[in-house]
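Notes follow the structure.
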Amino acid sequence: MPKLISIVVPVYNEANNIVPFLTRIHEVFSCLDYDFKIIFCNDGSEDDTLYQIRRLAEVDECVDFISFSRNFGQQKAIRAGMEHATGDCVICMDGDLQHPPELIPQMIDKWEQGYDVVYTIRKENKEIGFLKNLTSKMFYKIMNYMSDLNLNYGEADFRLLSSRVAELINSFPEKNLYYRAIVKWVGFRQVGIEYFPDIRRSGKSKYNYRTMTILAIEGITSFSIKPLTFATYLGLLISTLSLLYIPYIVFSLYNNHPISGWASVIFSVALFGGLILFMLGIIGVYLGKMYMQQKGRPTYIVEETSLVWKKQLY
Ligand code: UDP
Ligand code: MG
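Numbering of the sequence shown is given in the working numbering, commencing with residue 7 and proceeding in unit increments.
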């Protein structure tokens with residue numbers, strides 16, 4: 007019996023992309039000696055996405071879907087798909103056809119050679135502007151420094167995981183998994199392949215600067231506590247520097263020079279007030295994460311899934 011490849015696809019308002027996506031996947035697999043199963047994870051779409059995937063799941067036995075009760079975010083949608091995937095390996099990819107399905111045979115090839123993780127590196131993105139490119143490069147630099155992970159610039163949520171790595175990651179109790187980094191963190195034999203992304207087939211990107219900043223903070227704080235130690239070092243440095251002020255004060259008093267300095271006092275009060283609030287904010291982010299994690303609420307809520315009725319059917 008051929009091996010089974012599970013394909014996890016998070017979709018949010020991708021109604022016009024679902025059918026072309028499935029067609030391309032069928033085309034690719036028609037030349038391969040593998041079975042495949044797609045799990046569309048509908049992340050609370052407001053358009054016809056759910057209707058489309060439900061219809062396809064009814065007629066195509068290679069298609070399954072999980073539908074959330076609201077928008078929980080792409081990473082949670084990936085998690086849901088991974089938790090329900092049953093294949094010998096799992097491929098994650100976007101549903102807007104920016105991740106070319108034609109790369110799949112190459113990924114499978116690497117997996118068959120014994121790699122547990124095959125990640126992809128985006129070479130050039132025709133869609134993103136100069137500023138988005140710059141900020142995203144900065145994010146990778148900061149992320150790498152903070153987490154010691156060495157993520158490649160252009161690494162996206164398009165990757166293949168062997169079933170043992172997928173199961174391992176599924177067993178993590180963390181609520182806010184950041185897949186790009188967690189996959190690097192687990193280790194095993196990993197290999198990257200490069201690709202040129204296509205332009206989005208239809209609709210527009212769900213990410214703007216606000217959501218990208220949230221994702222960046224999420225990524226960094228869920229991987230490292232370096233920002234906390236940064237506060238300690240900065241505090242130590244400033245306290246040490248402020249000691250240098252003592253000889254100056256003593257010298258001035260000794261020579262009967264009155265020390266005037268309204269401007270410098272206001273400046274330092276404002277500067278250190280700001281710094282203290284900034285550091286408190288950093289601690290707050292971690293505290294908030296602990297608070298949310300200990301509540302123990304589910305990571306996502308499934309409202310409807312074909313996996314239930316298909317189980318009854320077959
Ligand atoms: N997505 C999702 N939930 C969200 C945002 C996006 O499931 O809250 C899906 C989206 O449908 C797409 C993939 O995640 O399949 C990547 O999103 P998008 O194409 O908007 O991101 P970009 O390619 O611009 O980084
Ligand atoms: Mg996209």
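Note that CB positions come from ideal geometry on N, CA and C, so glycine has one too.
Just so you know, these numbers come straight off a predicted model, no measurement behind them.
Any non-hydrogen atom of the ligand UDP within 6 Å of residue i CB
i       : result
Asp-204 : no
Tyr-146 : no
Tyr-18  : yes
Ser-211 : yes
Ala-83  : yes
Gly-87  : no
Gly-79  : yes
Asp-49  : yes
Residue i - containing alpha helix (DSSP H), residue span
i       : result
Lys-147 : 136 to 153
Leu-234 : 232 to 249
Asn-176 : 169 to 176
Pro-26  : 21 to 36
Ile-226 : 215 to 227
Ile-59  : 55 to 65
For residue j and residue i, believed in contact at Cβ under 8 Å, the rounded distance
i       : j       : result
Ile-110 : Val-34  : 5 Å
Asn-182 : Ser-228 : 5 Å
Gly-79  : Asp-53  : Gly-79 to Asp-53, Cβ: 17 Å. No contact.
Phe-164 : Met-99  : 5 Å
His-90  : Pro-203 : Contact flag wrong, Cβ pair sits at about 27 Å.
Ile-199 : Cys-95  : Wrong, their Cβ atoms sit about 15 Å apart, outside the cutoff.
Leu-137 : Arg-30  : In fact, because the Cβ distance is near 31 Å, the residues do not count as touching under 8 Å.
Gly-101 : Ile-45  : Wrong, their Cβ atoms sit about 11 Å apart, outside the cutoff.
Gly-225 : Tyr-184 : 5 Å
Ile-205 : Val-192 : Not confirmed; about 32 Å, so no contact.
Ile-72  : Val-308 : 6 Å
Thr-108 : Thr-55  : Checking the sequence shown, residue 108 turns out to be Glu, not Thr. Actually they do not touch by this definition, with Cβ atoms about 24 Å apart.
Tyr-121 : Val-197 : 5 Å
Ser-51  : Val-17  : 7 Å
For residue i, the first and last residue of its enclosing beta strand (DSSP E)
i       : result
Tyr-184 : Tyr-184 -> no beta strand (DSSP E), and no H or E assigned at all.
Arg-303 : Segment: none, Arg-303 is in no beta strand (DSSP E) and carries neither H nor E.
Glu-200 : 196 to 201
Leu-10  : 10 to 17
Asp-41  : 41 to 48
heavy atom of the ligand MG below 6 Å from residue i C-beta
i       : result
Asp-100 : yes
Gln-104 : yes
Distance cut-off 6 Å: residue i Cβ against heavy atoms of the ligand GDP
i      : result
Asp-41 : The ligand GDP is absent from the structure shown, which contains only the ligand UDP and the ligand MG.
Residue-level contact to chain B via CB, residue i, 7 Å cutoff
i      : result
Phe-27 : Annotation note: the requested chain B is absent from the structure, which comprises a single protein chain.
Beta strand (DSSP E) segments (min. 3 residues) lying fully within the region 74 to 129: 95 to 98 and 123 to 128
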